[in-house]
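Since the structure comes first, as structure tokens, the remarks are kept for the end.
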Amino acid sequence: MGMEKMAGERKKRRTRHKRVAAVQKLYDACRDVFANCGPGVVPDAQGIERLKDILNGMTEHDVGVRPNMPFFKVKETEGFPKITYLHLSECEKFSIGIFLLPPTGVLPLHNHPQMTVFSKLLFGTMHIKAYDWVDNFASSSAPKSDSSECEETAEEKTVGVRLAKLKVNSDFTAPCNTSILYPTDGGNMHCFTAITSCAVLDVLGPPYCDAEGRHCQYYRTHPLTSFSAGDNKQLPDDDEKAKELDYAWLEEIDKPAGLSVVGALYNGPKIMEK
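So that you can map any letter, position 191 of the sequence shown is 1290 in the numbering used here, and since no number is skipped, the others follow by simple counting.
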């Protein structure tokens, strides 16, 4: 019986080590992959695959989160349900963290300036909508007014917008592969909407930094038909219906009122930062 007990204890230690190793392996890989990168610099293909493979194999157990945590209880409040952020690690080259979204929780449309971002849905079902900028298109025209509005009212609504192309507009259910966005491709501006309780493990390289001009900018979408493209420029798609579905004008806005993202203590397996 003594030998069996010792064997059981060794198995438990190996299990604990495995959980620590997964998040530690991710941290160590980030240090290597982002070592020679900076704003706007995408890791090489080998580095991308290394991080993607590690994240694809990770589950909520590797970071100590679960759907029945109190963060996922929705309280009746105005605006968006509160979202929780668990900080795992951050340096000038990259950051690692987890977003916990309760059902109906929304991270509104926002950008990732000069960043490469890996997002791994650990559990739950989430809708992701993402856009990339369309080069050489800009407009500050007023939206088309309703028949009930006079021209003066329409002019008051003049805003600056920029054309973007829809890259992702789908539901994702864990387990699923890691999504990756790049500085100018892959859906750099995205919106997360939780259908069920969701946990998303995020790796950003480099992280946001207001001092270096990488701040989180939010956007409001306008239908393609709301603004003119100007200068008679032609969109890449010849199908008019496809254009209306695949393109939108994005307007910069302040942080949406009612959006609350609060930090909480990460209690999962620890990372040994080197």
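Just so it is clear, CB atoms sit at the ideal spot from N, CA and C, and this is done for glycine as well.
- With fewer than 16 other Cβ atoms inside 10 Å of its own Cβ, R1165 counts as exposed.
- With contacts defined as CB atoms closer than 8 Å, G1304 and F1133 qualify as a contacting pair.
- Residues V1173, P1201, T1203, G1204 of the same chain have their beta carbon placed closer than 7 Å to that of P1180, with the five preceding and five following residues left out of the count.
- A check of alpha carbon separations from V1233 across A1293, N1135, P1138, G1285 identifies G1285 as the nearest.
- Taking one beta carbon from each stretch, the segment 1141 to 1157 and the segment 1310 to 1328 have fewer than 3 pairs nearer than 8 Å; the two do not touch.
- Listed in chain order, the non-local C-beta contacts of G1362 below 7 Å within the same chain comprise Y1184, H1186, local neighbours out to five positions each way being set aside.
- Comparing alpha-carbon positions, the option among P1138, A1121, M1157 lying closest to C1275 turns out to be M1157.
- Bounds of the beta strand (DSSP E) holding K1219 are 1215 to 1222.
- Put simply, of N1287, A1263, K1354, V1299 the residue whose alpha carbon is nearest the alpha carbon of T1215 is N1287.
- The three-state secondary structure of A1120, taken from DSSP, is helix.
- Taking the Cβ atoms as the reference, M1225 lies roughly 5 Å from A1293, within the contact range of under 8 Å.
- The residue from N1210, A1298, V1140 with its alpha-carbon nearest to that of D1353 is N1210.
- 8 Å or more divides the Cβ of V1302 from the Cβ of C1190.
- Under the three-state reduction of DSSP output, F1271 falls in the strand class.
- Between I1197 and L1364 a beta carbon distance of about 12 Å is seen, past the 8 Å cut, so the two are scored as non-contacting.
- For L1349, the number of other beta carbons within 10 angstroms of its own is at least 16, and it is reported as buried.
- Straight through space, the alpha carbons of Y1230 and A1310 are spaced by roughly 25 Å.
- Comparing alpha carbon positions, the residue from S1188, K1192, F1171, A1120 closest to P1142 is K1192.
- An exposed status is given to H1314, since fewer than 16 other beta-carbon atoms sit within 10 Å of its beta-carbon.
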